[in-house]
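Notes follow once the structure below has been shown.
Number of protein chains: 2
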Amino acid sequence: MKSVAEQMELIRRGVEQIVPEAELVRKLERSVATGKPLRIKYGIDPTGIDVHLGHTVPLRKLRLFQELGHQAVLILGNYTALVGDPSGRDQTRARLTQEQVEANAIDYLKQISKVIDVEKTEVVRNGDWFSCMSFLDVMRLTAQITVQRMLERDDFTKRIQSGTPISLHECLYPLMQGQDSVEICADVELGGTEQLFNLMVGRRLQEAAGQEPQVCVTSPILCGLDGVRRMGKSLNNYVGVGEPASEQFGKTMSIPDLLLCQWFTLLSDRAPEEVEVLTDLQRTPPMEAKKRLGSDIVACYHGAEAAVKARADWEKQFSRGEAPTDVEEVEVLASSLNGGQLPTFKLLVALKLAPSGNEARRLVQGGGVTIGEEQAKVSDPNQAIAVVTGLLVRAGRKWRKVRLA
Amino acid sequence: MKSVAEQMELIRRGVEQIVPEAELVRKLERSVATGKPLRIKYGIDPTGIDVHLGHTVPLRKLRLFQELGHQAVLILGNYTALVGDPSGRDQTRARLTQEQVEANAIDYLKQISKVIDVEKTEVVRNGDWFSCMSFLDVMRLTAQITVQRMLERDDFTKRIQSGTPISLHECLYPLMQGQDSVEICADVELGGTEQLFNLMVGRRLQEAAGQEPQVCVTSPILCGLDGVRRMGKSLNNYVGVGEPASEQFGKTMSIPDLLLCQWFTLLSDRAPEEVEVLTDLQRTPPMEAKKRLGSDIVACYHGAEAAVKARADWEKQFSRGEAPTDVEEVEVLASSLNGGQLPTFKLLVALKLAPSGNEARRLVQGGGVTIGEEQAKVSDPNQAIAVVTGLLVRAGRKWRKVRLA
């Protein structure tokens, strides 16, 4: 087991808050002295998550605790999912059926198996205790917090101010999450920074139950590809852990330079000194830094070999303007041509590089369309192109080869 | 069965609000047409109530509905009592055990048997349904109202403004009360005016459950003996239904004249025209009106004969200054006398007319102590009194006769 100082150094990396830090040090000291691992809680509601890099931030911290010899306890909130956690959201979420929730839970475990060691994780479902609770038990639970305290939560405050309804059942959520900590005797709970309130409720309930309260370790919110908003599915600014290597690599290459430091810190295992070198313009060109970052990320989800190939493919396509080796061939009917030619926008549609003529025109006007062995840029959507078998056409990152039929 | 118009005339008497009145008319019309009685709900939490005249106001309305041929449904909130209703209170109430609650329920039924016909009443305990509810059921219930709506309740608003904590479990109360209406399919719910919010929640839950919503009939709050504040045990301005006839009569005689109209309307069966005559100074002296009111009240709880006796006794004591016929004799030890005498304040203590010498002095100074056949007023607490068997002593409305031993 590593020393307390070594453990703290690794735990501190990239976290937002440790509340209270002194208690974590004491817990680690006791753990080192007795050889007894700490119980590290992380909970999610299986509401149908496409796990993306944003989700991996606290999960990677959980894996770190596993590597340090501690016991990861993953709470599948199959009961809380039936409520819908309002944290960080501005409206009441739809409720799911128990069957949907269970299917989601299984799917979620599969997705995160690339981030944490699921085999060594204690996986528990909070329906195990909540389904046994009576109305009276719920009352005892709700008696432990005041309405005023509940409304101090940032998102609730905002919803009150904006007049957005808060369903009363949403107030049960933080209490349920807190009760989970009591049930599993958590030493530490991990979560995004917007979870701090819920995590603190856990401390309170543990104290009321005569337990030593957990330490709350919160992670910052990962910025999405746009470099501004949090990574999220609805914002379409995410990299999914299940996406192909080329997609993960290509999307990573598109992030603003300013994101490099956050992404390296939260998404790779590189030490702070390395990150410093990689994000210093004088020492590493941003393009090279992004390639390293992209390789790091692909390596996590597809392995080292795939990372090398993803980088090579990307460089072939974009850095040197060459077509990749495995371009998709699409049939074009000779009868659709006019004197062996087609206007560029029609060709793009025929090759499924654009869903409509209008979209095709926009692609050309955006400067992303090149044609032929020399990949000459086309600037007029109506420009007539001589269509022959083997003609290479590129729109953005997509390539097609014509097969005349 | 009386006509709808006749029923409405009686129901309207002395009520604060009927929400919505048109719906009550429709329900009564259907009831008259089909001969099917309406289900009239009244609920109380058996939290240890000494039933006083204030409590009888909605209960008397329930009895009226019984007399009109409708079905009274009394909810004993044995489950809600475990929460504690915050209505009209400014702080969180202590919770009771289930055993205390059941003992209270039995005691309550006994007390109110003088007001409603308990035999013809459907008496139900809401623990019958709430004890079967799961956490999920509670969530479904709480999902039916928003925090914002809950905080519109007057007393909650005040507590938020004054910074007095509202325990989250108190928010469950209105929902439980509303669910009671769903469970028993209430047509009408009775309650004090401060209950309107809770009653309206019942309408909402019934509609959500596909039921015809109940009509809310609220009663005004009865003023206590002081004529200013609501009647309540803690304010010591109440008349208990279990008190002796003489106490009920005497206390009624002490109310301010201005209360006569409210008390006649809410506590007697007299028709509005009679009440008008009785509260018109030109036609009825207030003293006579109060005697009638006192007799009406005593008749409710002790019968007509007791009412006649209570009035006669009171007149003998106060109107003509005579001692009542059945004065309690108290032994005074001859050995405690000093030359056959005692200072007045010591005599009052010896006769249990005052708990302490200081209290006895205050009684004398207040001018309420008279002694002997002639009932001479004593003005000096230290005045020496010759103590003999048969000596009559009065302090306020209490009389004692000495038996020397």
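Top line first, the protein sequences correspond to chains F and C. Start counting the first sequence at 0; every next residue gets the next number (numbering that gives the first Met the number 0). Start counting the second sequence at 0; every next residue gets the next number (numbering that gives the first Met the number 0). From the three backbone atoms N, C-alpha and C, an ideal C-beta is built for every residue, glycine too.
Whether residue i touches residue j by CB criterion (7 Å)
i	j	result
W398(F)	A322(F)	yes
N77(F)	G42(F)	no
E373(C)	T192(C)	no
T96(C)	D44(C)	no
G226(F)	L265(F)	no
T405(C)	I296(C)	An answer regarding residue 405(C) cannot be provided, because it is not within the stretch 0 to 404 covered by chain C.
K214(C)	V187(C)	Just to set this straight, residue 214(C) is Val in the shown sequence, not Lys. Contact flag set, yes.
A404(F)	E330(F)	yes
L63(C)	L9(C)	yes
P57(F)	G190(F)	yes
F134(C)	M149(F)	no
L27(C)	H69(C)	no
R124(F)	L75(F)	yes
V240(F)	V50(F)	yes
A394(F)	G367(F)	yes
D312(F)	S218(F)	no
I17(C)	V238(C)	no
A353(C)	L362(C)	yes
For residue i, the first and last residue of its enclosing alpha helix (DSSP H)
i	result
P57(C)	L52 to E66
Y41(F)	Unbroken run through Y41(F) is the beta strand (DSSP E), R38 to I43; no alpha helix (DSSP H).
A288(F)	P285 to H301
P342(C)	Unbroken run through P342(C) is the beta strand (DSSP E), Q340 to P342; no alpha helix (DSSP H).
R203(C)	L195 to A207
S245(C)	A244 to M252
Three-state class that DSSP yields for residue i in the structure shown
i	result
Q70(F)	strand
Q97(C)	helix
G190(C)	strand
C260(F)	helix
M7(C)	helix
E151(C)	coil
G239(C)	strand
R139(C)	helix
V123(F)	strand
T163(C)	coil
L280(C)	coil
R228(F)	coil
T156(F)	helix
Q133(F)	The sequence shown places Ser at residue 133(F), rather than the Gln named in the question. Strand.
T145(F)	strand
L410(C)	Past the boundaries of the shown model lies residue 410(C); chain C is included only from 0 to 404, so the question cannot be answered.
L221(F)	coil
G75(C)	Sequence inspection shows Leu at residue 75(C); the Gly mentioned does not correspond to that position. L75(C): strand per DSSP, three-state reduction.
Q210(F)	coil
L234(F)	coil
A104(C)	helix
I111(C)	helix
K308(C)	helix
A322(C)	coil
T91(C)	Confidence at T91(C) is low in this model, with a pLDDT of 49, below 50, so its placement is unreliable and no value can be given for it.
Partners in chain A for residue i, counting only beta-carbon separations shorter than 8 Å
i	result
Y78(F)	Reference to chain A is not applicable here, since the protein chains of this structure are F and C.
Run of the beta strand (DSSP E) containing residue i, from where it starts to where it stops
i	result
V18(C)	Q16 to V18
L403(F)	K397 to L403
V181(F)	Looking at the DSSP string, V181(F) is not in any beta strand (DSSP E); the run it does join, the alpha helix (DSSP H), is L171 to I183.
C215(F)	V214 to S218
Cβ-heavy atom distance, residue i to the ligand NAP, below 6 Å
i	result
G356(C)	Among the components of this structure there are no ligands whatsoever, and the ligand NAP is therefore not found.
message: Please give me, in chain order, every unbroken run of the beta strand (DSSP E) with length at least 3 that falls completely inside the stretch 327-399 of chain F.
response: Along the length of the stretch 327-399 of chain F, whole beta strand (DSSP E) runs at least 3 residues long occupy 327-331, 340-342, 368-370, 383-385 and 391-394, reported in chain order.
field: Touch test, the stretch 266-275 of chain C against the stretch 300-310 of chain C, Cβ-Cβ under 8 Å, three pairs minimum
entry: By the criterion of at least three beta-carbon pairs nearer than 8 Å, the stretch 266-275 of chain C is not in contact with the stretch 300-310 of chain C.
message: Any contact between the stretch 102-110 of chain F and the stretch 99-110 of chain C? By contact I mean 3 or more CB pairs, one from each, below 8 Å.
response: In short, these stretches do not touch, since the Cβ pair count stays below three.
message: Three or more C-beta pairs under 8 Å: does that hold for the stretch 57-72 of chain F against the stretch 229-237 of chain F?
response: For the pair of segments examined, the stretch 57-72 of chain F was found not to touch the stretch 229-237 of chain F: the number of CB pairs separated by less than 8 Å stays below three.
- prompt: Quick one: any contact between the stretch 379-394 of chain C and the stretch 332-343 of chain C, if contact means 3 or more CB pairs under 8 Å?
  reply: The answer is yes - the stretch 332-343 of chain C touches the stretch 379-394 of chain C, with three or more Cβ pairs under 8 Å.
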